[in-house]
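Numbering (the working numbering), first residue to last: 1 to 162.
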(Lines of atoms letter the chains of each structure in order from A and count residues from 1; the text may use other names and numbers.)
(Lines give C-alpha, C1' and ligand atoms only; values in the text may rest on other atoms or scores of the structure.)
Protein backbone atom coordinates (compact mmCIF):
# COMPACT_ATOMS: atom_id res chain seq x y z
CA UNK A 1 0.00 0.00 0.00
CA UNK A 2 1.29 3.46 -0.89
CA UNK A 3 1.34 6.17 1.75
CA UNK A 4 2.61 9.23 -0.15
CA UNK A 5 0.03 11.59 1.36
CA UNK A 6 0.64 10.22 4.88
CA UNK A 7 4.39 10.72 4.48
CA UNK A 8 3.80 14.30 3.33
CA UNK A 9 1.56 15.03 6.32
CA UNK A 10 4.01 13.46 8.78
CA UNK A 11 6.90 15.47 7.34
CA UNK A 12 4.93 18.69 7.79
CA UNK A 13 4.03 17.69 11.34
CA UNK A 14 7.68 16.91 12.09
CA UNK A 15 8.73 20.35 10.84
CA UNK A 16 6.12 22.03 13.02
CA UNK A 17 7.07 19.97 16.08
CA UNK A 18 10.76 20.86 15.61
CA UNK A 19 9.83 24.53 15.42
CA UNK A 20 7.63 24.15 18.50
CA UNK A 21 10.58 22.60 20.35
CA UNK A 22 12.78 25.58 19.43
CA UNK A 23 10.14 27.92 20.84
CA UNK A 24 10.05 25.91 24.08
CA UNK A 25 13.84 26.19 24.35
CA UNK A 26 13.68 29.96 23.81
CA UNK A 27 11.12 30.26 26.61
CA UNK A 28 13.74 29.25 29.18
CA UNK A 29 15.65 32.52 28.74
CA UNK A 30 12.43 34.53 28.80
CA UNK A 31 11.38 32.89 32.06
CA UNK A 32 14.80 33.38 33.64
CA UNK A 33 14.90 37.08 32.76
CA UNK A 34 11.21 37.69 33.50
CA UNK A 35 10.68 39.05 29.99
CA UNK A 36 6.89 38.78 30.03
CA UNK A 37 6.23 40.54 26.71
CA UNK A 38 8.59 38.22 24.81
CA UNK A 39 7.16 35.24 26.64
CA UNK A 40 3.64 36.26 25.57
CA UNK A 41 4.83 36.59 21.97
CA UNK A 42 6.36 33.12 22.05
CA UNK A 43 3.15 31.72 23.51
CA UNK A 44 1.19 33.25 20.62
CA UNK A 45 3.58 31.62 18.16
CA UNK A 46 3.17 28.31 19.99
CA UNK A 47 -0.60 28.60 19.69
CA UNK A 48 -0.28 29.07 15.92
CA UNK A 49 1.90 25.97 15.73
CA UNK A 50 -0.55 23.95 17.79
CA UNK A 51 -3.43 25.03 15.55
CA UNK A 52 -1.48 24.01 12.43
CA UNK A 53 -0.49 20.68 14.00
CA UNK A 54 -4.12 19.98 14.90
CA UNK A 55 -5.22 20.72 11.34
CA UNK A 56 -2.57 18.33 10.01
CA UNK A 57 -3.63 15.70 12.52
CA UNK A 58 -7.23 15.97 11.31
CA UNK A 59 -5.99 15.67 7.73
CA UNK A 60 -3.97 12.58 8.67
CA UNK A 61 -6.99 10.97 10.34
CA UNK A 62 -9.21 11.64 7.29
CA UNK A 63 -6.57 10.21 4.98
CA UNK A 64 -6.23 7.03 7.02
CA UNK A 65 -10.00 6.64 7.37
CA UNK A 66 -10.25 6.71 3.55
CA UNK A 67 -7.52 4.09 3.24
CA UNK A 68 -8.96 1.84 5.97
CA UNK A 69 -12.73 2.37 5.83
CA UNK A 70 -13.58 -0.91 7.58
CA UNK A 71 -11.54 -0.14 10.70
CA UNK A 72 -13.31 1.33 13.71
CA UNK A 73 -10.19 3.10 15.01
CA UNK A 74 -7.64 5.14 13.11
CA UNK A 75 -4.57 3.03 12.35
CA UNK A 76 -1.30 3.98 13.99
CA UNK A 77 1.89 4.75 12.14
CA UNK A 78 3.22 1.38 13.27
CA UNK A 79 0.31 -0.45 11.66
CA UNK A 80 0.83 1.58 8.46
CA UNK A 81 4.49 0.55 8.43
CA UNK A 82 3.44 -3.11 8.50
CA UNK A 83 1.33 -2.81 5.33
CA UNK A 84 3.46 -0.23 3.48
CA UNK A 85 5.37 -1.04 0.32
CA UNK A 86 9.00 -1.94 0.81
CA UNK A 87 10.41 1.39 -0.42
CA UNK A 88 8.15 3.39 1.93
CA UNK A 89 8.71 1.30 5.07
CA UNK A 90 12.09 2.87 5.95
CA UNK A 91 10.71 6.37 5.32
CA UNK A 92 7.75 5.77 7.63
CA UNK A 93 9.99 4.13 10.26
CA UNK A 94 12.35 7.10 10.19
CA UNK A 95 9.47 9.60 10.46
CA UNK A 96 8.00 7.59 13.34
CA UNK A 97 11.36 7.59 15.16
CA UNK A 98 11.92 11.31 14.59
CA UNK A 99 8.38 12.21 15.71
CA UNK A 100 8.76 10.09 18.84
CA UNK A 101 12.09 11.73 19.68
CA UNK A 102 10.94 15.31 19.13
CA UNK A 103 7.75 14.77 21.13
CA UNK A 104 9.82 13.41 24.02
CA UNK A 105 12.13 16.44 23.83
CA UNK A 106 9.15 18.82 23.82
CA UNK A 107 7.70 17.08 26.86
CA UNK A 108 11.01 17.33 28.75
CA UNK A 109 11.43 20.99 27.80
CA UNK A 110 7.89 21.84 28.86
CA UNK A 111 8.46 20.08 32.19
CA UNK A 112 11.59 22.20 32.71
CA UNK A 113 9.71 25.39 31.81
CA UNK A 114 6.91 24.48 34.19
CA UNK A 115 9.40 23.94 37.01
CA UNK A 116 11.09 27.29 36.29
CA UNK A 117 7.75 29.09 36.36
CA UNK A 118 6.86 27.36 39.62
CA UNK A 119 10.15 28.49 41.17
CA UNK A 120 9.62 32.03 39.90
CA UNK A 121 6.18 32.15 41.51
CA UNK A 122 7.58 30.82 44.77
CA UNK A 123 10.20 33.58 44.74
CA UNK A 124 7.55 36.23 44.03
CA UNK A 125 5.40 34.96 46.91
CA UNK A 126 8.41 34.92 49.22
CA UNK A 127 9.27 38.49 48.23
CA UNK A 128 5.72 39.66 48.80
CA UNK A 129 5.69 38.03 52.24
CA UNK A 130 8.83 39.97 53.15
CA UNK A 131 7.00 43.22 52.53
CA UNK A 132 3.78 42.30 54.26
CA UNK A 133 3.90 39.09 56.29
CA UNK A 134 0.84 37.45 57.73
CA UNK A 135 0.01 38.28 61.32
CA UNK A 136 0.81 35.69 63.97
CA UNK A 137 -1.97 33.36 65.00
CA UNK A 138 -3.83 34.16 68.20
CA UNK A 139 -2.93 31.80 71.02
CA UNK A 140 -4.22 31.33 74.49
CA UNK A 141 -1.70 31.98 77.15
CA UNK A 142 -0.40 34.42 79.71
CA UNK A 143 0.12 37.25 77.23
CA UNK A 144 -2.87 36.55 74.99
CA UNK A 145 -4.51 39.84 75.94
CA UNK A 146 -1.38 41.80 75.00
CA UNK A 147 -1.11 40.03 71.63
CA UNK A 148 -4.75 40.57 70.76
CA UNK A 149 -4.45 44.27 71.56
CA UNK A 150 -1.47 44.60 69.18
CA UNK A 151 -2.87 42.29 66.50
CA UNK A 152 -3.33 45.15 64.07
CA UNK A 153 0.36 46.01 64.27
CA UNK A 154 2.27 43.81 61.83
CA UNK A 155 6.05 43.74 61.85
CA UNK A 156 7.78 43.28 58.53
CA UNK A 157 11.19 43.76 57.06
CA UNK A 158 10.12 47.27 56.12
CA UNK A 159 7.86 49.28 58.38
CA UNK A 160 5.84 50.88 55.64
CA UNK A 161 2.62 50.23 53.78
CA UNK A 162 2.86 49.46 50.10
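By construction, the Cβ of each residue, glycine as well, lies at the ideal position given by its N, Cα and C atoms.
Would you check if the distance between the CB atom of residue i and the CB atom of residue j is smaller than 8 angstroms?
i	j	result
residue 102	residue 14	yes
residue 20	residue 31	no
residue 1	residue 85	yes
residue 24	residue 110	yes
residue 96	residue 78	yes
residue 12	residue 56	yes
residue 28	residue 121	no
My assumption, with CB atoms under 8 angstroms, is that residue i sits in contact with residue j. Please give the rounded CB distance.
i	j	result
residue 106	residue 93	Not really, about 21 angstroms apart at Cβ, beyond 8 angstroms.
residue 99	residue 6	At roughly 12 angstroms, the Cβ-Cβ gap does not stay under 8 angstroms, so residue 99 and residue 6 are not in contact.
residue 42	residue 26	6 angstroms
residue 104	residue 3	In fact, because the Cβ distance is near 24 angstroms, the residues do not count as touching under 8 angstroms.
residue 91	residue 74	Incorrect: roughly 20 angstroms between the Cβ atoms, too far for contact.
Pick helix, strand or coil for residue i, following the three-state DSSP scheme.
i	result
residue 74	coil
residue 87	coil
residue 51	helix
residue 132	coil
residue 43	helix
residue 170	Past the boundaries of the shown model lies residue 170; the chain is included only from 1 to 162, so the question cannot be answered.
residue 58	helix
residue 125	helix
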